[in-house]
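In the working numbering, the protein residues as written are 1370 to 1630.
For glycine and all other residues, C-beta sits at the position ideal for the given N, C-alpha and C.
These figures come from a predicted structure and were not determined experimentally.
Working notes, structure below.
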């Protein structure tokens, strides 16, 4: 399909949190595959005792809102099988000693260093998790649950300062995510698509901003949602992806220096 034999030992899946993943069996489909998970999806991972290989959170509002949970993930990283974390500098500072773990990567520092994969000023957690995967040497990358088809936020929210959403009641049904209590009472996040310097920039522009560096590195990226609003990379269906994933299972070398940038 999209991948040559040279890709099979360097395969990863980026797990977005979109509704196309509802009912998706992470255990059955992704055990043995290196994965990148993000943001508040840990609430679902906790219920099924499954965790991704890497964790990222680049929305500083989400990071501060979920600080205790992120600290727990870091402290239990070895137990959960999470190799490294990509976080904002303000969140790392607030984490104190926990944030200074060797496997915590400072995203803002990488931007200051003009890291070719992470330097784009337009970013969202999904797009730069994909860029992070490319930076770490993965060359066949699948996007799962990267939908970017946000609808009006649930009525159980309020807007703060024009850019932040606060959940005032846990929604009974949340159409924007793959499980309903992804957002709970008291959670805060940036309004979807909000960019501090370009408030109108959609997530698609964030994905477009990393395409060149990813492809220049020799990566092939495929979006496993034919109806995704992200059109940066070729698309396919879940069955097409899973016909290829079996050859990638645990063939990616488990290097221990992925966070030593």
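Item, Value
"Inter-residue Cα distance where the pair is residue 1461 and residue 1589", "31 Å"
"Cut-off 6 Å between Cβ atoms - residues of its own chain near residue 1495, not counting five sequence neighbours on either side", "1385 and 1515"
"Alpha carbon of residue 1478 to alpha carbon of residue 1555, nearest angstrom", "29 Å"
"Inter-residue spacing [alpha-carbon to alpha-carbon] between residue 1454 and residue 1525", "30 Å"
"Exposed unless 16 or more other CB atoms sit within 10 angstroms - verdict on residue 1422", "buried"
"Beta-bridge pairing of residue 1424 - partner residues as DSSP gives them", "1406 and 1454"
"Contact the stretch 1411-1425 vs the stretch 1442-1452: 3+ CB pairs below 8 Å", "yes"
"Any non-hydrogen atom of the ligand ADP within 7 Å of residue 1516 CB", "Only the bare structure without any ligand can be found here, which leaves the ligand ADP out of the picture."
"Element boundaries [beta strand (DSSP E), containing residue 1534]", "1533-1536"
"Rounded C-alpha distance that separates residue 1535 from residue 1551", "13 Å"
"Given residue 1544 as reference, the closest of 1388, 1380, 1587 and 1415 once Cα atoms are compared", "1388"
"CA-to-CA distance, residue 1513 to residue 1542, given in whole angstroms", "21 Å"
"Distance, residue 1394 Cα to residue 1418 Cα", "12 Å"
"Length of the line joining the Cα atoms of residue 1505 and residue 1458", "20 Å"
"Rounded distance between the beta-carbons of residue 1437 and residue 1408, thought under 8 Å", "The Cβ separation is near 14 Å, so there is no contact."
"Whole-angstrom distance between residue 1466 and residue 1532, CA atom to CA atom", "30 Å"
"Separation of residue 1595 from residue 1490, as counted between CA atoms", "27 Å"
"Under the three-state DSSP convention, the category residue 1493 falls into", "coil"
"Alpha-carbon to alpha-carbon, residue 1416 and residue 1396", "12 Å"
"Run of the alpha helix (DSSP H) containing residue 1416, from where it starts to where it stops", "1411-1417"
"Beta-carbon proximity of residue 1499 to residue 1599, cut-off 8 Å", "no"
"Option in 1537, 1485, 1445 and 1483 with minimal Cα separation from residue 1473", "1445"
"As assigned by DSSP and simplified to three states, the class of residue 1515", "coil"
"Backbone CA spacing between residue 1558 and residue 1405 [nearest angstrom]", "20 Å"
"Buried versus exposed, by CB contacts within 10 Å (16 or more), residue 1606", "exposed"
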